[in-house]
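>
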Amino acid sequence: MLLSRRRLLQGAAGAGAVQLAGHAGLALAQGKSISATTYPGAWESAHRSILLPAFTKATGASVSLVPSLAVDTVSKIAASKANPPYDVIILDEGPYLAALSQDIFEKIPTDKMPYLKDVPAKLVDPRGLGVFVSGQIIGIAYNTEKIKTPPKSWNDLLKPEFKGRVGLAGMGSTLMSAWMVEMARLNGGSEENMEPAFQFVKKLLPNVSAVASNPGSLATLFQQGQIDISVHYNNNVGDLQAKGVPVALARPDTGWIHIKSVMHIVKNTKNPDLAAAYINAALSPEVQTKMAAEPYFVAPVSTKAQFSPGLQAYARNMAEIEQMNGVDWAKLNPRRGEYIDRFNREIKV
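Sequential numbering from 1 applies to the sequence shown in full-length UniProt numbering.
1) Round the Cβ separation of V133 and S261 to the nearest angstrom and send it over; I've been treating them as touching at under 8 Å.
2) Measuring alpha carbon to alpha carbon, tell me which residue in T220, G216, M183 is nearest K202.
3) Which partner residues of A210 appear in the DSSP bridge assignment?
4) In whole angstroms, what is the alpha-carbon distance linking L168 and D111?
5) Output yes or no for whether 7 Å exceeds the beta carbon distance between D239 and A99.
6) Cutting at 7 Å between CB atoms, please list the residues of its own chain near A82, excluding the five before and the five after it.
7) Under DSSP, the alpha helix (DSSP H) around N235 begins and ends at which residues?
8) Measure the C-alpha to C-alpha separation of R345 and Y339 and round it to an integer number of angstroms.
9) Over the uninterrupted alpha helix (DSSP H) stretch that includes Q288, give me the two end residues.
10) How big is the Cα-Cα spacing for L283 and F162?
11) Give the list of continuous beta strand (DSSP E) stretches no shorter than 3 residues that lie fully inside the stretch 95-148.
12) I257 bridges to which residues according to DSSP?
13) What is the DSSP secondary structure of L157, reduced to helix, strand or coil?
14) For N317, count neighbouring Cβ atoms within 10 angstroms of its own Cβ and tell me buried if that reaches 16, exposed if not.
15) According to the neighbour-count rule (16 or more other Cβ atoms, all chains shown, within 10 Å of its Cβ), is A292 buried or exposed?
16) Compute the Euclidean distance between the alpha carbons of I347 and V211, then round it to the nearest angstrom.
17) Measure the alpha-carbon distance for Q10 versus V63 and round it to whole angstroms.
18) Quick check on DSSP: helix, strand or coil for I90?
19) Run through the DSSP bridge pairs and tell me what M263 is partnered with.
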C-alpha cells in the first residue's frame, strides 16, 4: 500500500422484512439484480452483512455492490448517462451538491418509500433528489496501547511525542475536507478561507507518517501499526475494534463533526422500483438499528432506530446528532477542487 517512502496513493444479516407499500410487482423481482455503490472499508462490510440481506429478503432481488469513492462514482455515471453503471449510489452531502449540475439524479418516489416518514424534516433533502440514510461522526482516533492518555484537542496532534505517528487521508475524501474546514474555523478561517487549515497541517507535517487515499486505507494503517493517532470516523474505529485493533475515538474539546450520507436513484436506471426499494430498506428500523450497533455505530436518521450503547458514547439521540459541528458544503464546493489540488501538492511525507 505504501509508495515512495511512507505515502499512500491519493487517489447482523437477516434483518426483518421491509415494508413494500407501493411496490406491487416486486415479488416478481426474484432473479433480478441491481447495482449499488458503497464506501470502501467498514461501509462495505456493513452494507454486505446488514442492508443486502434485508433488501433481498424484502424483494427477492440481489445486489451487485461496488465500493467506490464519490468522485469516481459521479465521473462514471456522467460518462455514461444513457446507460449508467449503477442503479443506486451513496454520496456524502458535499459531493452530492457538487454533482447537481451533472443532472444524474432521479426524483425520489416518496410514495414507494414508506420508511421515509420516520426521518425528521431537517434530514429530508429539500430538492427531492436524494435521501439522507445515515451519518458518520469524526473525532480523534488513537491507539489505546501506545497512547495511555486520551487526546482532548485537535492541537494534541501537534505534540512532539507524536512525531512520525500521525496519519491523515487525502483531501479528496469527505473525512479530510470536513476536518480541514474544522481546522480553518478553529483558527479564524472558514469554508471560503482555508488558509489557516493549511498552515495548521504544515505545522503538523513533522508528526505525519502517511497520507492514505481514503478512510478505509487509513484504518488499515492503524491495523498494520504504521500510525497511532489520526482524524477518523466512528464507524471505521468500531470496525477496527471488532477486529481486535486497540483503538478508540476521543471527543475533541471543540465537539464532534457530523457528516451526512445520501442515497440516490440514478437517472435512466432500468430498475427504478427496485432502486426505491433498496433505499427504503436502508431506512427501515431494523437496518438502521443494526447499522447503529456494534461494530459499525453508523448514526441513524430514522426516529424509529434504537441507539446502541456504543453509539450513545457519541450521541444519545437524534437531537444531539443534529447539534454536532458540520460543513457548509455550498460554500466549500466552489473552491474544493482548488483546495484538493493544493493539498496534493503541499502535503507530502
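Ideal Cβ placement from N, Cα and C applies to all residues, glycine included.
All values reported here derive from a predicted model rather than from experimental measurement.
If we stick to the structure as given:
1) Mapped onto the sequence shown, residue 133 falls at position 133. Mapped onto the sequence shown, residue 261 falls at position 261. Yes, they are in contact, since the Cβ atoms of V133 and S261 sit about 6 Å apart, within 8 Å.
2) The sequence position of residue 202 within the sequence shown is 202, counting from 1. Comparing Cα positions, the closest option is M183.
3) Within the sequence shown, residue 210 is the residue found at index 210, counting from 1. Its beta-bridge partners are G167.
4) Translated into positions along the sequence shown, residue 168 becomes position 168. Translated into positions along the sequence shown, residue 111 becomes position 111. A direct Cα-to-Cα measurement between L168 and D111 gives close to 42 Å.
5) Counted from its first residue, the sequence shown places residue 239 at position 239. Counted from its first residue, the sequence shown places residue 99 at position 99. No, the pair does not count as a contact, with Cβ atoms beyond the cut-off.
6) Position 82 of the sequence shown, counted from the first residue, corresponds to residue 82. Within the same chain, A82 has close Cβ partners N268.
7) Here the question's residue 235 lines up with position 235 in the sequence shown. Residues 234-242.
8) Working through the sequence shown from its first residue, we reach residue 345 at position 345. Working through the sequence shown from its first residue, we reach residue 339 at position 339. Each residue's alpha carbon lies about 10 Å from the other.
9) Within the sequence shown, the letter at position 288 stands for residue 288. 285-291 is the span of the alpha helix (DSSP H), which, as asked, contains Q288.
10) Taking the first residue of the sequence shown as position 1, residue 283 is located at position 283. Taking the first residue of the sequence shown as position 1, residue 162 is located at position 162. Distance between the alpha carbons of L283 and F162 is about 41 Å.
11) Here the runs fully enclosed are 131-143.
12) In the sequence shown, the residue the question calls residue 257 occupies position 257. Answer is I138, N325, bridged to I257.
13) Within the sequence shown, the letter at position 157 stands for residue 157. Under the three-state reduction of DSSP output, L157 falls in the helix class.
14) The sequence position of residue 317 within the sequence shown is 317, counting from 1. Around the beta carbon of N317, fewer than 16 other beta carbons lie within 10 angstroms, which makes this residue exposed.
15) In the sequence shown, the residue the question calls residue 292 occupies position 292. Burial call: buried.
16) As a working mapping, residue 347 is identified with position 347 in the sequence shown. As a working mapping, residue 211 is identified with position 211 in the sequence shown. The alpha-carbon atoms of I347 and V211 are separated by roughly 8 Å.
17) The residue labelled residue 10 in the question sits at position 10 within the sequence shown. The residue labelled residue 63 in the question sits at position 63 within the sequence shown. Residue placement at Q10 is flagged as unreliable, the pLDDT there being 35, under the threshold of 50; a coordinate-derived value is accordingly withheld.
18) Working through the sequence shown from its first residue, we reach residue 90 at position 90. Strand.
19) Stepping through the sequence shown from its first residue, residue 263 is reached at position 263. Note: M263 sits in a beta bridge opposite I90, V131.
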